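Single-structure report; data block below.
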Amino acid sequence: MANMKKWLPGVSLPLILNAPMHGAANGPLAAEVTKAGGLGFIPGGIILSKDSDDLKDLELQLTTARRLLALDESLEKPIPVGVGFVTFHPSVAQFEESALPIIRKHKPVVIWLFAPEPNSTTHKHLISLLHGAGSSWNLKVLVQVGSVAAARDAIESGADGVVAQGVDAGGHQWAQGASIVSLVPEVRNLIREEFPGKDVALIAAGGIADGSGVSAALSLGAEAAVMGTRFLVANEAGTSKEMRQVVLSATDGGSSTVKSYLHDDVRENSIWPKLYDGRAVLGPSIIDERAGVSLSQNIAKLKEAQASGDKSRNVFWSGTGVGLVDKIQPAGDIVRETRLQAIERIKELSVVYEEALTR
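In my numbering, the protein residues as written are 3 to 361.
What follows is the structure in structure tokens.
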């Protein structure tokens, strides 16, 4: 297994990452996560054509993060944040001409890839490009996976690490998958058995929202943990007032969120391959679908609500950890508090099992 502390000597353990969530993560959030000893991530977007709005925003957010991290303006030093790209859109073919120059300019320390078209070689090509472009600052590439087979493919394609995303995660994910309780150990075994001696980082994501979740992820075999839903209500997040209210009021995350294709279909967002669905807070559209309301009727209801300013039918992406999120905090405080909780939990367990540990 890889040692991410060697890659990123400035981080504190246990290592906590924020998910590169579109519409929520940004330069200020990533900078504060990094300042607190975590690794902050900025979304790089989906539309990767030259001068796309996604890439213009990426440039802006990286510039902002660099300033907040008090790095020199010469752009000589790598910036200790990561960038996440969604890779299924046809515009990914322009990555070398559109996104790669931004990466070369700002030198983020990690790139996170997710959601290629099924059975494509997109990630193998991108990983090769990224390693070549980032060799001078030892750029690492992570690939988000939702199955053991996808993890194998990512490692064979040259990934330095895999983010094993369980089905408790909010937002887009594998439609068919498992929780991190079984996924992370299986991927860990895969790395040990099929890639012996290869330094591959294993990171857990999905349903982690506090220190207990982080310590559990470490016990399962991960060396770092991702939190997404918890950061939706960070002071620095770009989330709307309505989104914050929904997250803070939700309880019992397994019952108050649901995985479904409908979250995309009702918004007429058909660009995602059917390999992926998403988890969001249980809302009127899902309730109506279960009552027999047709998709066309559901779409019409959403449009009518939006036209009147009613946001109750909006899709609010969130994971099952939402029930553990109960306050707005600075992103840095979230990282520090969660890390301390994880350490305390590990200490508690070591005391409880002291006798067994000394046998």
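Every residue, glycine too, gets a C-beta built ideally from N, C-alpha and C. Note that the structure is predicted; figures quoted are calculated from it, not measured.
Spatial distance of Phe-318 from Ala-252 (CA atoms): In a straight line, the C-alpha of Phe-318 is about 11 Å away from that of Ala-252.
Beta-bridge pairing of Asn-174 - partner residues as DSSP gives them: First, the residue type needs correcting, since residue 174 is His and not Asn in the sequence shown. Answer is Gly-280, bridged to His-174.
Gln-167 and Gly-208 closer than 7 Å at C-beta: Yes. Within cutoff.
C-beta contact flag for Val-249 and Ile-330 at 7 Å: At least 7 Å separates the beta-carbon of Val-249 from that of Ile-330.
Assigned exposure category for Ser-130 - 16 Cβ within 10 Å defines buried: Ser-130 counts as exposed, since fewer than 16 other C-beta atoms from the protein chains shown sit within 10 angstroms of its C-beta.
Member of Ile-48, Pro-110, Ser-242 and Ser-100 whose CA lies at the smallest distance from the CA of Leu-77: Pro-110 is the residue among Ile-48, Pro-110, Ser-242 and Ser-100 whose C-alpha sits nearest the C-alpha of Leu-77.
Opening and closing residue of the alpha helix (DSSP H) in which Ile-289 lies: Where Ile-289 is concerned, the enclosing alpha helix (DSSP H) stretches over 286-292.
Exposure label - Val-216; buried when at least 16 CB within 10 Å: Val-216 should be labelled buried.
Ordered list of alpha helix (DSSP H) runs contained in the region 194-234, each at least 4 residues: Entirely contained in the region 194-234, the alpha helix (DSSP H) runs reaching 4 residues are, in chain order, 213-222.
Same chain, Cβ closer than 8 Å to Glu-244, five either side skipped, listed in chain order: Excluding residues within five positions, the ones whose Cβ falls inside 8 Å are Lys-313, Asn-316 and Phe-318.
When His-174, Ile-157 and Gly-172 are compared against Arg-190, the one with the closest alpha-carbon: Nearest option by C-alpha distance: Ile-157.
Outcome for Tyr-278 when other beta-carbon atoms lying within 10 angstroms are tallied against a minimum of 16: By the 10 Å Cβ count, Tyr-278 comes out buried.
Same chain only: Cβ atoms within 6 Å of Ala-344, ignoring 5 sequence neighbours per side: For Ala-344, where only same-chain residues beyond five positions count, the Cβ hits under 6 Å are Pro-16, Gly-213, Val-216 and Ser-217.
Contact the region 87-105 vs the region 117-135: 3+ CB pairs below 8 Å: Enough Cβ pairs lie closer than 8 Å, so yes.
Per DSSP, cross-strand counterpart(s) of Leu-41: According to DSSP, which records beta bridges pairwise, Leu-41 is partnered with Leu-19.
Beta-carbon contacts of Asn-300 that lie in its chain and below 7 Å, excluding the five residues immediately before and after: If we look at Asn-300 and ignore the five residues flanking it on each side, its Cβ neighbours are Val-268, Ser-287, Asp-290 and Glu-291.
Gly-230 versus Ala-33, Phe-43 and Glu-34, residue with shortest Cα-Cα distance: Put simply, of Ala-33, Phe-43 and Glu-34 the residue whose alpha carbon is nearest the alpha carbon of Gly-230 is Phe-43.
Residue-level contact to chain C via CB, Val-228, 7 Å cutoff: In the structure shown, chain C does not exist; there is a single protein chain.
Residue of Lys-8, Ala-302 and Ala-226 minimising C-alpha distance to Gly-40: For Gly-40, the nearest C-alpha among the options comes from Ala-226.
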